[in-house]
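The next block holds one structure in the form of structure tokens; read it before the comments.
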Amino acid sequence: MTTEFDTEAAPVPTYGLILEFAETELVETKARADEAVRTVEQLESVIESLRAEGVEVRGFYDLTGFGDFGTVLVWLRATSVDDLQWAQRQLQRTQLLGDTVLARSRVVAELTELDEIPGSWINVVDAVEALDDDFEVYGVDGDELDDDALHELEAEQLDELEELEETDDDEDYSAEPGSAMLSLHASIGIGDLRYVVIAEAEAPIGFVGELGLPFGDDLALDALEGGIVGRHITSAELFEVLR
């Protein structure tokens with residue numbers, strides 16, 4: 000609730016729209032060279048108009064071999080969900096995406112910052128916060144680790160636990176060879192908090208590892224599914240994938 004004592008404006012959130020498009024029987028698999036040029040130019044013109052309205056096209060991604068339903072993934076970002084909705088309609092009106100079917104869409108709010116330059120590969124994973132009883136501390140189940148149980152732990156064990164937590168927080172996982180940079184996003188909607196974790200890497204091998212490790216011990220995540228993996232592509236490559 001806003002009061003007269005509030006002096007600082009709330010930070011403006013950044014929203015993301017993740018779209019998965021699938022091919023249909025309407026998509027022609029063969030195209031003339033002049034048609035390819037016109038189709039790509041139309042798409043790039045729409046991208047420029049979106050950018051002018053404050054919508055960033057983070058990337059187009061080829062899901063070949065990884066997607067169960069979708070063929071390509073589109074990641075849009077903006078400070079207004081209205082703009083994202085408008086951007087989706089504009090993209091679906093293009094010749095290139097107009098004959099596809101929207102297999103899935105998700106609106107999320109960014110909780111962590113992104114790298115300025117997108118990675119060559121992307122992995123989108125739906126996740127939820129892990130239950131407390133999924134972990135143990137010195138043999139004590141998480142659901143039994145209340146204040147009384149903590150007081151019963153010896154001072155030496157508590158000191159050791161703090162040292163382990165500090166080590167985990169200070170470690171730079173992004174420096175690992177072939178590692179991925181992860182960003183955390185919250186799914187929009189009232190109810191249990193659901194997350195979308197997006198990993199960006201220079202090679203698919205970077206997606207092998209523990210889901211929530213880069214976020215430290217304060218957040219333990221369970222993946223709901225294996226997620227979607229795709230390769231960052233240009234507008235011209237998008238035409239090749241769909242045509």
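Each residue of the sequence shown is one higher than the one before, starting from 0 at the first, in numbering that gives the first Met the number 0.
Note that the Cβ used here is the ideal one computed from N, Cα and C, for glycine as well.
Span of the alpha helix (DSSP H), counted from its first residue to its last, around residue i
i    : result
V11  : That residue, V11, is in no alpha helix (DSSP H); it is neither H nor E in DSSP.
G97  : 94-97
S234 : 234-241
V80  : 80-91
Continuous beta strand (DSSP E) stretch holding residue i: start and end
i    : result
A198 : 193-200
A126 : 120-128
D61  : 55-61
Euclidean distance between Cα positions of residue i and residue j
i    : j    : result
G64  : T70  : 9 Å
G226 : P10  : 30 Å
R105 : V36  : 30 Å
V80  : V228 : 25 Å
T111 : E52  : 23 Å
W74  : Q84  : 12 Å
V100 : A21  : 5 Å
I232 : L72  : 10 Å
L95  : V56  : 16 Å
R88  : L16  : 12 Å
L241 : G188 : 32 Å
D191 : I46  : 34 Å
D33  : V124 : 38 Å
A202 : D67  : 21 Å
L237 : P12  : 29 Å
D140 : R193 : Confidence is the limiting factor: at D140 the pLDDT is only 49, short of 50, which leaves the residue's position unreliable, though a coordinate-based value still follows. Straight-line Cα distance between these residues: approximately 24 Å.
V39  : V207 : 34 Å
Strand pairing of residue i, partner residues [DSSP]
i    : result
D221 : V127
F20  : V71, L101
L183 : V196
E109 : H184
I227 : V123
G15  : R76, V107
Assumed close pair residue i, residue j - CB separation to whole angstroms, cut-off 8 Å
i    : j   : result
D98  : T23 : 6 Å
S186 : L42 : Actually they do not touch by this definition, with Cβ atoms about 28 Å apart.
heavy atom of the ligand FAD below 6 Å from residue i C-beta
i   : result
S79 : Within the structure as shown, the ligand FAD is missing, as the structure has no ligands at all.
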